[in-house]
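Below you'll find the structure, written out as structure tokens, and then a few comments.
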Amino acid sequence: MCIRDRRNNVAMELNLERQARKDAEGKMDKEVEDKLFGLRVDVARGKKEREENEEKYTRELSEQIAQMQEDLDAEQRAREENGEKLVRRITEQIAKFREMVGVERKLREDAQNTIYQLLDDLHSKALVEIEEERRKRKEAENSLVRILEDTCARVEEIAQSESHA
117 MCIRDRRNNV
127 AMELNLERQA
137 RKDAEGKMDK
147 EVEDKLFGLR
157 VDVARGKKER
167 EENEEKYTRE
177 LSEQIAQMQE
187 DLDAEQRARE
197 ENGEKLVRRI
207 TEQIAKFREM
217 VGVERKLRED
227 AQNTIYQLLD
237 DLHSKALVEI
247 EEERRKRKEA
257 ENSLVRILED
267 TCARVEEIAQ
277 SESHA
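The end of the sequence shown is residue 281 by this note's numbering, with every number in the run present.
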């Protein structure tokens, strides 16, 4: 009866350890998911800000183009004395704004790609760490089970030798 009670106690403790391990793994998984969710929210927020900035630049560009057109009309009404200079200036500014928009787009894409790469790296690292932790826990569990089995076998041998004696 004593050995059976001990076996039951060992089995209960083993089950408790297993449950604790599962709970810890669940908690780690939840933390990783929460961190990934936070990073995704940050990426989405950054994307929204970039889109708003792009819309702002587009609005500003449209407003500036409209203003330039008014300037052009005024110059033409003044007998087009400075018409060629104004056209050159407008062309240069449009090219600069296009270049600025292109640079902004390139920076946004580079930043977005970097963030995605970081997210992928974090995710991969977390998965590797979780798998390593699971492997270590499984090895520890197997070691404990072997020790328990050896101990139980010794106790049975002692009990049998005492019952024969």
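Ideal Cβ positions, reconstructed from N, Cα and C, are used throughout, including at glycine.
Nothing here was measured: the structure is a model prediction, and the numbers come from that model.
Residue i - containing alpha helix (DSSP H), residue span
i: Glu-168; result: 118-193
Alpha carbon of residue i to alpha carbon of residue j, nearest angstrom
i: Ala-136; j: Glu-272; result: 29 Å
i: Cys-268; j: Asn-131; result: 17 Å
i: Val-126; j: Cys-118; result: 12 Å
i: Gln-192; j: Lys-172; result: 30 Å
i: Met-128; j: Arg-166; result: 56 Å
i: Ile-181; j: Phe-213; result: 10 Å
i: Ser-240; j: Gln-185; result: 54 Å
i: Thr-230; j: Met-216; result: 21 Å
i: Ala-242; j: Arg-204; result: 56 Å
i: Arg-123; j: Phe-153; result: 44 Å
i: Glu-200; j: Thr-174; result: 26 Å
Whole-angstrom C-beta distance between residue j and residue i, which should lie under 8 Å
i: Arg-294; j: Glu-141; result: As shown, the chain starts at 117 and ends at 281. That puts residue 294 outside it, with no answer to give.
i: Leu-177; j: Leu-188; result: Wrong, their Cβ atoms sit about 16 Å apart, outside the cutoff.
i: Gln-228; j: Lys-163; result: 7 Å
i: Glu-220; j: Glu-179; result: So it is not a contact: roughly 17 Å between Cβ atoms.
i: Leu-155; j: Leu-264; result: Leu-155 to Leu-264, Cβ: 43 Å. No contact.
i: Met-144; j: Ile-210; result: Actually they are not in contact, since the Cβ atoms of Met-144 and Ile-210 sit about 54 Å apart, beyond 8 Å.
Q | Inside the stretch 208-233 only - beta strand (DSSP E) runs reaching at least 3 residues | A | none
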